[in-house]
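Read through the structure below, which is laid out as structure tokens, and then see the notes.
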Ligand code: FUL
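Residue numbers (our numbering): 665 to 1079.
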């Protein structure tokens, strides 16, 4: 089963920034219940351009904003409810966070997407499914028609288990106004949740699936007809999705490990940055991102591209112009006919340097420091073909990054 051109383009973007910002930022909560007064929302130093600059400098190619989280507070002046920025003191009620972020993304050349929570704890009509479907469809229409091209629509399953929405009607809005937008996990999805909020994929990373997991807080899943549905790994730079004064960014090593186990496993990474109550990304978060990016760039520097020779037995020789000393090997699968590789091993002098299952968009292996003029890669899977392969030579001293012992995102619903 093949990817659509839009899915392949999305996979090649690899890395996006998530922004959780809203009434929760000011209420000091992860989830609020729809009753927090809009009068609290007042990010006096709000600067969308600075968010997008931070995202771009970190190497992100797209940015997703929580236009509405579960509390129902809308970051744009919607016609559907009074519970929005229009009722806040911010810019005298004339501000529009969605507009400012969309414009900044366009200025910086980043794709822009929106998170629109189906679960809405403020909407008076939520308990009337038909009325709420109309309300939600109208919100999506406003977002899909007012803010230029959207590259992703993020439909979060939290709070919606057991509830049916009229997805045919909702998706008709997306296909009419934003046919190229990727659709995350619900409705008629084109990309899926990886299944945890630690930002980690697990081998094999399968692109063709017939099931998606619904949310962090339940065991439930949704069954679909089998389709190409590559995963996105979401995780927050801090412990919380929203900003809290006592929270802090993850270590550089933790972030490197997340990168290697998401992008380096063939999945996309969506890393959340929570702006604070001033409407700015804290300086310590910016510094951590810079440190992470610099170390990532160092580790993936000194690339030596291999000439590839595919053999009849399905193996591939990677040949370098002269002997090279490296500690990372990267394989890229030819996904033109769909995902084919089900197992791979990279060998040197007859011994395994690295083994794994899927390869996909990009498979990164950190290996012991090795000198070679060529490597042999064994592939399983009918029609398995590598598109390219390389080694990295720039940081031979780098030790494999580890996730801190016992780290896991909370699975209890925050109340
Ligand atoms: C979860 C939500 O409940 C969290 O608050 C956050 O938005 C995360 C990305 O998805 O399901």
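Ideal Cβ positions, reconstructed from N, Cα and C, are used throughout, including at glycine.
{"Check": "Rank 881, 754, 824 and 936 by C-alpha distance to the C-alpha of residue 902 and give the top, closest one.", "Outcome": "936"}
{"Check": "With distances taken Cα to Cα, identify the nearest neighbour of residue 802 among 817, 786, 816 and 833.", "Outcome": "833"}
{"Check": "Restricting to Cα atoms, I'd like to know which of 1022, 1038 and 1079 is closest to residue 1044.", "Outcome": "1022"}
{"Check": "So is residue 1004 buried or exposed if we call it buried at 16+ other beta carbons inside 10 Å?", "Outcome": "buried"}
{"Check": "With 16 other CB atoms within 10 Å as the buried threshold, where does residue 728 fall?", "Outcome": "buried"}
{"Check": "Thinking just about the alpha-carbon of each residue, which of 1071, 716 and 686 is nearest to the one in residue 950?", "Outcome": "716"}
{"Check": "On the CB-based measure, 16 or more other CB atoms within 10 Å of its CB, does residue 840 come out buried or exposed?", "Outcome": "exposed"}
{"Check": "Classify residue 947 as buried or exposed, calling it buried when 16 or more other Cβ atoms lie within 10 Å of its own Cβ.", "Outcome": "exposed"}
{"Check": "Kindly list the residues whose CB is nearer than 8 Å to the CB of residue 988, restricted to its own chain and excluding five residues on each side of it in sequence; keep chain order.", "Outcome": "968, 1035, 1036, 1037, 1055 and 1057"}
{"Check": "Rounded to the nearest angstrom, what separates residue 674 and residue 725 at their Cα positions?", "Outcome": "10 Å"}
{"Check": "Can you look up residue 901 in the DSSP assignment and give me helix, strand or coil?", "Outcome": "coil"}
{"Check": "Flag this pair as touching only if the region 969-978 and the region 1019-1033 have three or more C-beta atom pairs under 8 Å; answer yes or no.", "Outcome": "no"}
{"Check": "Quick check: what's the CA-CA separation for residue 1001 versus residue 665?", "Outcome": "7 Å"}
{"Check": "If we call anything under 8 Å between Cβ atoms a contact, is residue 866 one with residue 897?", "Outcome": "no"}
{"Check": "Just checking residue 1072 against the ligand FUL - is the residue's beta carbon closer than 7 Å to any of the ligand's heavy atoms?", "Outcome": "no"}
{"Check": "Taking Cβ positions, are residue 1074 and residue 917 nearer each other than 8 Å?", "Outcome": "no"}
{"Check": "Counting along the chain, where does the beta strand (DSSP E) carrying residue 832 start and finish?", "Outcome": "Segment 831-841 is the alpha helix (DSSP H) holding residue 832; no beta strand (DSSP E) there."}
{"Check": "Are three or more beta carbon pairs between the region 918-927 and the region 743-754 nearer than 8 Å?", "Outcome": "no"}
{"Check": "How many angstroms separate the CA atom of residue 881 from the CA atom of residue 953?", "Outcome": "28 Å"}
{"Check": "Output the boundary residues of the beta strand (DSSP E) element that contains residue 969.", "Outcome": "967-969"}
{"Check": "Starting from residue 994, follow the beta strand (DSSP E) in both directions and report where the run begins and ends.", "Outcome": "980-997"}
{"Check": "Which residue's Cα is closest to the Cα of residue 822: 798, 813 and 848?", "Outcome": "848"}
{"Check": "With distances taken from CA atoms, which of 856, 891, 978 and 719 is nearest residue 877?", "Outcome": "856"}
{"Check": "Can you say whether residue 757 is buried or exposed, counting buried as having 16 or more other CB atoms within 10 angstroms of its CB?", "Outcome": "exposed"}
{"Check": "Let me know the secondary structure DSSP gives residue 756 once reduced to three states.", "Outcome": "helix"}
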